[in-house]
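Let me begin by presenting the structure, written as C-alpha coordinates, before commenting on it.
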Amino acid sequence: MGSFYIINHKLRIIGKLNNRQIVLKKVKVHNLKGIDLTLNPFELIVFTGVSGSGKSSLAFDTIFQEGQRRYIETLPHSAKRYIEEIAKVDAEVILGLSPTIAIEQKTVHKTPRSTVGTITGIYDYMR
1 MGSFYIINHK LRIIGKLNNR QIVLKKVKVH NLKGIDLTLN PFELIVFTGV SGSGKSSLAF
61 DTIFQEGQRR YIETLPHSAK RYIEEIAKVD AEVILGLSPT IAIEQKTVHK TPRSTVGTIT
121 GIYDYMR
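In terms of our numbering, the sequence shown opens at residue 1 and continues consecutively.
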(Lines of atoms letter the chains of each structure in order from A and count residues from 1; the text may use other names and numbers.)
(Lines give C-alpha, C1' and ligand atoms only; values in the text may rest on other atoms or scores of the structure.)
Protein backbone atom coordinates (compact mmCIF):
# COMPACT_ATOMS: atom_id res chain seq x y z
CA MET A 1 0.00 0.00 0.00
CA GLY A 2 1.27 3.49 -0.77
CA SER A 3 1.49 6.56 1.40
CA PHE A 4 -1.27 9.08 1.94
CA TYR A 5 -0.84 12.82 2.18
CA ILE A 6 -2.18 14.91 5.00
CA ILE A 7 -4.14 17.83 3.61
CA ASN A 8 -5.56 20.55 5.85
CA HIS A 9 -8.82 22.46 5.41
CA LYS A 10 -7.09 24.89 3.02
CA LEU A 11 -6.12 21.95 0.76
CA ARG A 12 -2.43 22.39 1.52
CA ILE A 13 -0.23 19.29 1.86
CA ILE A 14 1.17 19.45 5.40
CA GLY A 15 2.74 16.03 5.74
CA LYS A 16 2.83 12.42 4.65
CA LEU A 17 0.96 9.57 6.36
CA ASN A 18 2.46 6.10 6.32
CA ASN A 19 0.19 3.09 6.56
CA ARG A 20 -1.77 3.05 9.82
CA GLN A 21 0.08 5.88 11.56
CA ILE A 22 -1.91 8.07 13.91
CA VAL A 23 -1.10 11.71 13.24
CA LEU A 24 -2.10 14.60 15.51
CA LYS A 25 -1.31 18.19 14.56
CA LYS A 26 -1.80 21.35 16.61
CA VAL A 27 -3.65 19.67 19.50
CA LYS A 28 -4.91 22.22 22.05
CA VAL A 29 -6.56 20.36 24.92
CA HIS A 30 -6.07 21.52 28.53
CA ASN A 31 -2.27 21.68 29.06
CA LEU A 32 -1.49 20.69 25.47
CA LYS A 33 -0.65 23.87 23.60
CA GLY A 34 -0.54 23.02 19.90
CA ILE A 35 1.47 19.79 20.02
CA ASP A 36 2.21 17.61 16.99
CA LEU A 37 2.58 13.85 17.41
CA THR A 38 2.89 10.80 15.15
CA LEU A 39 2.28 7.34 16.62
CA ASN A 40 3.51 4.29 14.76
CA PRO A 41 1.49 1.07 14.63
CA PHE A 42 2.48 -2.11 16.46
CA GLU A 43 4.58 -0.28 19.06
CA LEU A 44 4.12 0.00 22.80
CA ILE A 45 3.57 3.70 23.48
CA VAL A 46 3.84 5.18 26.96
CA PHE A 47 3.07 8.77 27.96
CA THR A 48 5.19 9.87 30.92
CA GLY A 49 5.81 13.17 32.65
CA VAL A 50 5.28 15.15 35.80
CA SER A 51 1.84 15.86 37.22
CA GLY A 52 0.00 18.36 35.04
CA SER A 53 2.17 17.81 31.95
CA GLY A 54 -0.75 16.65 29.77
CA LYS A 55 -0.49 12.85 29.83
CA SER A 56 -4.18 12.31 30.60
CA SER A 57 -5.18 15.16 28.30
CA LEU A 58 -3.40 13.41 25.44
CA ALA A 59 -4.49 9.84 26.20
CA PHE A 60 -8.07 10.33 27.42
CA ASP A 61 -9.23 13.81 26.37
CA THR A 62 -7.67 13.68 22.90
CA ILE A 63 -7.01 10.18 21.51
CA PHE A 64 -9.75 8.30 23.37
CA GLN A 65 -12.36 11.04 23.02
CA GLU A 66 -11.80 11.55 19.29
CA GLY A 67 -11.78 7.80 18.62
CA GLN A 68 -15.09 7.44 20.46
CA ARG A 69 -16.59 10.44 18.63
CA ARG A 70 -15.62 9.03 15.25
CA TYR A 71 -17.03 5.61 16.13
CA ILE A 72 -20.34 7.14 17.20
CA GLU A 73 -20.50 9.04 13.88
CA THR A 74 -20.65 5.66 12.08
CA LEU A 75 -23.75 4.55 13.97
CA PRO A 76 -27.22 4.95 12.47
CA HIS A 77 -29.20 8.01 13.54
CA SER A 78 -31.64 5.78 15.40
CA ALA A 79 -28.81 4.63 17.70
CA LYS A 80 -27.09 8.03 18.04
CA ARG A 81 -30.15 9.67 19.55
CA TYR A 82 -29.61 7.65 22.74
CA ILE A 83 -25.92 8.57 23.05
CA GLU A 84 -24.67 11.84 24.48
CA GLU A 85 -22.85 13.88 21.84
CA ILE A 86 -19.06 13.96 22.19
CA ALA A 87 -17.34 17.24 21.42
CA LYS A 88 -14.77 17.36 18.65
CA VAL A 89 -11.19 17.65 19.90
CA ASP A 90 -9.47 21.00 19.31
CA ALA A 91 -6.85 19.98 16.75
CA GLU A 92 -5.96 21.00 13.22
CA VAL A 93 -5.55 17.37 12.06
CA ILE A 94 -6.19 13.93 13.55
CA LEU A 95 -5.71 11.05 11.11
CA GLY A 96 -5.43 7.29 11.26
CA LEU A 97 -7.48 6.93 14.43
CA SER A 98 -9.80 3.94 14.72
CA PRO A 99 -12.43 3.35 17.44
CA THR A 100 -10.88 3.48 20.90
CA ILE A 101 -11.36 1.96 24.31
CA ALA A 102 -9.88 3.13 27.59
CA ILE A 103 -9.46 1.77 31.08
CA GLU A 104 -10.37 4.32 33.74
CA GLN A 105 -7.55 5.65 35.87
CA LYS A 106 -9.36 5.30 39.17
CA THR A 107 -8.33 2.67 41.65
CA VAL A 108 -10.20 -0.58 41.21
CA HIS A 109 -10.61 -3.52 43.56
CA LYS A 110 -7.65 -5.64 42.61
CA THR A 111 -5.39 -8.33 43.94
CA PRO A 112 -1.65 -8.77 43.39
CA ARG A 113 -2.58 -11.21 40.61
CA SER A 114 -4.84 -8.74 38.76
CA THR A 115 -4.01 -7.85 35.18
CA VAL A 116 -5.54 -5.48 32.64
CA GLY A 117 -7.35 -8.52 31.23
CA THR A 118 -8.87 -9.59 34.53
CA ILE A 119 -9.79 -6.05 35.62
CA THR A 120 -11.60 -5.28 32.33
CA GLY A 121 -13.15 -8.73 31.96
CA ILE A 122 -11.59 -9.45 28.55
CA TYR A 123 -9.41 -12.24 29.94
CA ASP A 124 -12.32 -14.71 29.76
CA TYR A 125 -12.73 -14.01 26.03
CA MET A 126 -9.01 -14.36 25.32
CA ARG A 127 -8.47 -17.79 26.94
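Every residue gets a Cβ at the ideal spot worked out from N, C-alpha and C, and that includes glycine.
Cβ pair count under 8 Å reaching 3, the stretch 97-108 against the stretch 53-70:
yes
When the Cα atoms are used, what is the spatial distance from residue 45 to residue 79?
33 Å
Proximity of residue 23 and residue 37 at Cβ, strictly below 9 Å:
yes
Have a look at residue 100 and residue 69 and give me their C-alpha separation to the nearest angstrom.
9 Å
List the DSSP bridge partners of residue 38.
23
Excluding sequence positions up to five away, which residues of its chain have a Cβ less than 7 Å from the Cβ of residue 31?
52, 53, 54 and 57
When you measure from the CB of residue 35 to every non-hydrogen atom of the ligand SAH, does any distance come out below 8 Å?
Absence of the ligand SAH from the depicted structure is noted, as is the absence of any ligand whatsoever, leaving it without description.
Cβ-based neighbour list, residue 41, same chain, cut-off 6 Å, excluding 5 preceding and 5 following:
20
Of the residues 91, 97 and 96, the one placed nearest residue 34, counting alpha carbons only:
91
Bridge-paired residues (DSSP) for residue 63:
Residue 63 is not bridged to any residue.
Residue nearest to residue 132 in terms of C-alpha spacing, selected from 127, 112, 122 and 88:
Because the chain in this structure spans residues 1 to 127, residue 132 falls outside the shown range and cannot be described.
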